[in-house]
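Number of protein chains: 2
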Amino acid sequence: MSNSTPATIEDVARIAQVSIATVSRAIHMPEKVANSTRLKVNQAIAITGYTTNAMARSLRLGRSNMILVVAPDIGDPNFSNILVGLENEARAHGYGILIGHTQNDAQRSLEYLKFLNSNQAAGLILFTGILPFGHQTMTARLPPSVGVFEPVFNGGIPYVGVDDIAGARKAVDLLIAEGHRKIAFIGDSRTRLAYSRRRMGYEAGLDAAGVSPDLRIVFEGDGTIESGRLAVEQLFMRDTLPTAFMCVNDQTAIGVMIGLGARGYDIPRDFSVTGFDDVPQAVFMSPSLTTIRQPRTAIGKHAMALLLELLSDGQPTETEILLRPDLVVRNSVSAPSRNWIRK
Amino acid sequence: MSNSTPATIEDVARIAQVSIATVSRAIHMPEKVANSTRLKVNQAIAITGYTTNAMARSLRLGRSNMILVVAPDIGDPNFSNILVGLENEARAHGYGILIGHTQNDAQRSLEYLKFLNSNQAAGLILFTGILPFGHQTMTARLPPSVGVFEPVFNGGIPYVGVDDIAGARKAVDLLIAEGHRKIAFIGDSRTRLAYSRRRMGYEAGLDAAGVSPDLRIVFEGDGTIESGRLAVEQLFMRDTLPTAFMCVNDQTAIGVMIGLGARGYDIPRDFSVTGFDDVPQAVFMSPSLTTIRQPRTAIGKHAMALLLELLSDGQPTETEILLRPDLVVRNSVSAPSRNWIRK
DNA sequence: TTGTATGCGTTATCAG
DNA sequence: CTGATAACGCATACAA
Numbered sequence: 003m004s005n006s007t008p009a010t011i012e013d014v015a016r017i018a019q020v021s022i023a024t025v026s027r028a029i030h031m032p033e034k035v036a037n038s039t040r041l042k043v044n045q046a047i048a049i050t051g052y053t054t055n056a057m058a059r060s061l062r063l064g065r066s067n068m069i070l071v072v073a074p075d076i077g078d079p080n081f082s083n084i085l086v087g088l089e090n091e092a093r094a095h096g097y098g099i100l101i102g103h104t105q106n107d108a109q110r111s112l113e114y115l116k117f118l119n120s121n122q123a124a125g126l127i128l129f130t131g132i133l134p135f136g137h138q139t140m141t142a143r144l145p146p147s148v149g150v151f152e153p154v155f156n157g158g159i160p161y162v163g164v165d166d167i168a169g170a171r172k173a174v175d176l177l178i179a180e181g182h183r184k185i186a187f188i189g190d191s192r193t194r195l196a197y198s199r200r201r202m203g204y205e206a207g208l209d210a211a212g213v214s215p216d217l218r219i220v221f222e223g224d225g226t227i228e229s230g231r232l233a234v235e236q237l238f239m240r241d242t243l244p245t246a247f248m249c250v251n252d253q254t255a256i257g258v259m260i261g262l263g264a265r266g267y268d269i270p271r272d273f274s275v276t277g278f279d280d281v282p283q284a285v286f287m288s289p290s291l292t293t294i295r296q297p298r299t300a301i302g303k304h305a306m307a308l309l310l311e312l313l314s315d316g317q318p319t320e321t322e323i324l325l326r327p328d329l330v331v332r333n334s335v336s337a338p339s340r341n342w343i344r345k
Numbered sequence: 003m004s005n006s007t008p009a010t011i012e013d014v015a016r017i018a019q020v021s022i023a024t025v026s027r028a029i030h031m032p033e034k035v036a037n038s039t040r041l042k043v044n045q046a047i048a049i050t051g052y053t054t055n056a057m058a059r060s061l062r063l064g065r066s067n068m069i070l071v072v073a074p075d076i077g078d079p080n081f082s083n084i085l086v087g088l089e090n091e092a093r094a095h096g097y098g099i100l101i102g103h104t105q106n107d108a109q110r111s112l113e114y115l116k117f118l119n120s121n122q123a124a125g126l127i128l129f130t131g132i133l134p135f136g137h138q139t140m141t142a143r144l145p146p147s148v149g150v151f152e153p154v155f156n157g158g159i160p161y162v163g164v165d166d167i168a169g170a171r172k173a174v175d176l177l178i179a180e181g182h183r184k185i186a187f188i189g190d191s192r193t194r195l196a197y198s199r200r201r202m203g204y205e206a207g208l209d210a211a212g213v214s215p216d217l218r219i220v221f222e223g224d225g226t227i228e229s230g231r232l233a234v235e236q237l238f239m240r241d242t243l244p245t246a247f248m249c250v251n252d253q254t255a256i257g258v259m260i261g262l263g264a265r266g267y268d269i270p271r272d273f274s275v276t277g278f279d280d281v282p283q284a285v286f287m288s289p290s291l292t293t294i295r296q297p298r299t300a301i302g303k304h305a306m307a308l309l310l311e312l313l314s315d316g317q318p319t320e321t322e323i324l325l326r327p328d329l330v331v332r333n334s335v336s337a338p339s340r341n342w343i344r345k
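First to last, the protein sequences are chains L and Y. In terms of our numbering, the first sequence opens at residue 3 and continues consecutively. In terms of our numbering, the second sequence opens at residue 3 and continues consecutively.
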């Protein structure tokens with residue numbers, strides 16, 4: 003029962019009175035083995051509590067059954083939900099998941115590259131828009147890979163995300179419909195493709211409404227709470243005030259709300275605020291945050307499905323899968339206050 | 003350079019004109035090999051870009067160089083910081099980390115057990131107080147394991163955490179010092195050992211102040227935001243109101259603050275609130291949350307160090323390591339409002 | 001339908 | 001100090 007050393011295929015073979023080849027076949031190609039022997043083998047497996055030694059199997063097969071998921075920050079509220087989708091899909095196909103977090107640290111990234119090179123993972127899911135490794139030459143040695151959220155720079159790597167432009171467009175359209183014309187954009191970024199796409203949606207929305215963009219109320223950011231707060235501080239040092247803040251993500255929006263709150267403003271009476279992502283905290287904010295919801299579990303599922311396809315077929319059928327984000331209307335948006343309209 | 007198949011030890015041996023045994027030695031016992039040959043080997047390694055095949059190595063050695071970290075919820079704000087400590091310590095000793103999250107799901111837990119049994123991980127870090135597996139019989143087959151935060155039920159597994167009793171005591175003592183006497187305890191739990199210990203600290207603090215405990219203002223909870231909110235709702239249906247809420251963790255405290263805010267109360271004017279953990283959001287709440295800080299990175303570091311010790315020595319030197327938690331005073335606590343004092 | 005034998009890439013033992 | 005070789009546990013080509 004609870005022997006010191008785990009049972010091997012040989013133990014099973016001995017008990018079932020067959021060869022190890024038959025045991026292996028009974029497990030992996032049950033239809034190619036006689037019913038009676040299959041039964042014997044299964045009983046022997048049950049008796050011994052045999053589990054395939056994954057190391058030996060991978061060595062023999064030349065590939066592992068693990069997928070490495072690399073994320074810059076595991077603490078990211080978006081992460082865990084995506085993971086659920088990734089995991090479910092992977093497990094359904096006999097793969098396990100390995101999580102690595104780089105914290106945007108080169109040293110750490112390198113460790114994971116070594117990990118890949120030692121054949122410990124068959125595939126790679128990348129959570130960042132930038133390859134965490136030494137770029138160019140390395141990509142040649144990368145296993146089949148799929149990006150999540152953003153296209154991966156300098157790699158011809160397929161990816162799964164949401165339609166950021168369309169999502170951002172939904173947010174602007176709502177603000178426009180409420181009567182806003184001076185809408186700030188918080189969190190612009192040249193390095194985060196998803197963010198710059200959201201800005202494209204923002205500008206498309208303004209354009210459609212005949213509002214000319216005002217660069218004085220566009221602020222850069224890195225998607226952190228702190229960046230949102232900072233933007234508010236900078237904003238109040240300028241001459242132009244918006245009536246609404248469209249934020250590149252929820253974290254930024256939370257920062258903006260904190261910054262505005264600290265200055266004594268009421269949301270949505272004085273300013274409207276929108277986010278993007280619909281992180282779990284969004285509904286607990288006061289006021290609760292109007293935002294764009296990402297279909298996180300679905301993204302994870304699709305990303306893993308795509309990777310598994312790559313793993314078997316070799317060639318990806320699609321290079322980009324964009325899911326539809328939905329507007330979630332809560333309490334952080336209202337019509338602009340009259341005090342501000344013509345400021 | 004970027005060949006299709008990765009270089010093996012044999013490739014290195016051929017180029018360096020030595021045997022594979024020498025290559026292996028040059029890598030693992032450099033002092034037992036002549037300087038000149040070591041040089042040749044290193045050059046050959048550089049040329050080929052050789053990396054040890056971890057599968058073959060683990061198979062030969064009978065153990066892997068990976069540690070499995072199992073957590074019920076990766077989204078837990080405490081998790082990622084602990085992980086940093088775990089990772090650093092592991093890497094420093096040549097181990098990698100594998101993260102599994104069970105979501106308290108039996109099926110998932112079983113998958114991880116299989117994973118362990120297939121020799122894919124040399125050790126186990128458990129983030130929950132309850133063994134996620136089928137209890138009794140299974141523990142016999144568990145690899146060296148260490149618990150984090152809480153002692154692990156039904157296993158003689160050593161663990162690393164904070165001194166919950168002392169931490170909770172610091173929170174009560176602060177409230178008592180501010181003049182509170184009617185202090186509610188939110189988040190009592192029979193299943194979470196850490197939580198029941200915090201309650202012990204709470205009661206010890208009351209006792210030291212000569213305050214007799216009032217069970218009408220002790221509420222159960224599971225440490226979620228929702229549970230905090232719920233407790234507030236239940237509380238207002240009873241006849242006794244506290245002047246302060248001591249919460250079992252920050253998430254609960256956030257829930258309490260939301261519940262109190264929804265009823266129009268001001269914190270800390272009307273009620274004081276304390277948390278436990280000092281999660282990243284705590285400082286961003288309004289008011290910012292007075293809480294007990296856990297030395298998360300240190301906990302991770304110690305836990306991994308203990309596990310590595312187990313891995314080599316076989317026997318643990320300590321069965322329990324308790325770190326000291328610190329009080330972080332912010333703005334959610336003040337003296338009780340006169341309106342309530344004699345209610 | 002089943003068994004035998006080989007090799008996956010390493011490390012360790014044992015001779016030299 | 002170095003080399004030949006066995007063994008780790010498994011999957012499969014080939015034989016029976």
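We put the CB at the ideal spot given by N, CA and C, even for glycine.
Beta bridge pairing from DSSP links MET248 (chain L) with L:PHE187 and L:THR276.
When rounded, the separation of the alpha-carbon atoms in GLY51 (chain L) and SER82 (chain Y) is 35 Å.
In the DSSP assignment, SER111 (chain Y) falls within the unbroken alpha helix (DSSP H) covering 108-119.
In the three-state DSSP reduction, HIS103 (chain Y) falls in the strand class (E or B). For LEU310 (chain Y), the uninterrupted alpha helix (DSSP H) segment begins and ends at 298-315. The region 299-311 of chain Y makes contact with the region 91-98 of chain Y: 3 or more CB pairs, one atom from each, lie closer than 8 Å. Not flagged as an interface residue toward chain Y: ARG332 (chain L), since no C-beta distance is shorter than 8 Å. GLY212 (chain L) carries a coil assignment under DSSP once its states are collapsed to helix, strand and coil. For the region 294-306 of chain Y, the set of residues with a beta-carbon nearer than 8 Å to any beta-carbon of chain L is empty.
In summary, MET287 (chain L) is buried, with 16 or more beta-carbon neighbours lying within 10 Å of its beta-carbon over all protein chains present. In the three-state DSSP reduction, MET31 (chain Y) falls in the coil class, being neither helix nor strand. ARG271 (chain Y) is outside the set of residues whose beta carbon lies under 8 Å from a beta carbon in chain L. Taking the CA atoms as reference points, ALA170 (chain Y) sits about 24 Å from PRO74 (chain Y). Near chain Y, meaning a CB-to-CB distance below 7 Å, the residues of the region 30-57 of chain L are THR53, THR54, ASN55, ALA56 and MET57.
As the crow flies, the alpha-carbon of ASP252 (chain Y) is around 24 Å from that of GLN105 (chain L).
Judged by DSSP secondary structure, MET239 (chain Y) falls outside any alpha helix (DSSP H); it is assigned neither H nor E. Contact of GLU113 (chain L) with chain Y by beta-carbon distance below 7 Å involves ARG93. Under the three-state reduction of DSSP, THR130 (chain Y) is assigned to coil, being neither helix nor strand. Any Cβ of chain L closer than 8 Å to the Cβ of PRO146 (chain Y) would place that residue at the interface, and such an atom is absent. Under DSSP, no beta-bridge partner is assigned to ASP13 (chain L). Exclusion of the five residues before and after GLY302 (chain Y) leaves ILE84, GLY87 and LEU88 as the residues of its chain whose Cβ lies within less than 6 Å of its Cβ.
ALA92 (chain Y) is a Cβ neighbour of ILE69 (chain Y), given a cutoff of 8 Å. MET57 (chain L) is classed as buried because its beta carbon has at least 16 other beta carbons within 10 Å across all chains shown.
Per DSSP, MET68 (chain L) lies in no alpha helix (DSSP H); the unbroken beta strand (DSSP E) holding it starts and ends at 68-73.
With contacts defined by Cβ atoms closer than 8 Å, GLN19 (chain L) and LYS34 (chain L) do not form a contacting pair. The Cβ neighbour count for ARG62 (chain L), taken over all protein chains shown within 10 Å, is under 16; the residue is labelled exposed. When only Cα atoms are considered, VAL275 (chain Y) and VAL258 (chain Y) end up about 8 Å apart. Using a CB distance cut-off of 8 Å, PHE151 (chain Y) does not count as an interface residue toward chain L. Rounded to whole angstroms, the separation of the alpha carbons of ILE219 (chain Y) and MET202 (chain Y) is 15 Å. For ARG295 (chain Y), the enclosing beta strand (DSSP E) stretches over residues 293-295.
In the DSSP assignment, GLU222 (chain Y) falls outside any alpha helix (DSSP H) and lies within the beta strand (DSSP E) extending over 220-222. About 6 Å separates the beta carbons of LEU176 (chain L) and LEU329 (chain L), which is inside the 8 Å limit, making them a contact pair. In the DSSP assignment, LEU325 (chain Y) falls outside any alpha helix (DSSP H) and lies within the beta strand (DSSP E) extending over 322-325. Annotation for SER21 (chain Y): ALA15 place their beta carbon closer than 8 Å to its own, counting only its chain and skipping 5 residues before and after. Of the residues assessed, ASP241 (chain Y) falls on the exposed side of the cut-off, its CB having fewer than 16 other CB atoms within 10 angstroms. Per DSSP, reduced to three states, the secondary structure at ASP175 (chain Y) is helical.
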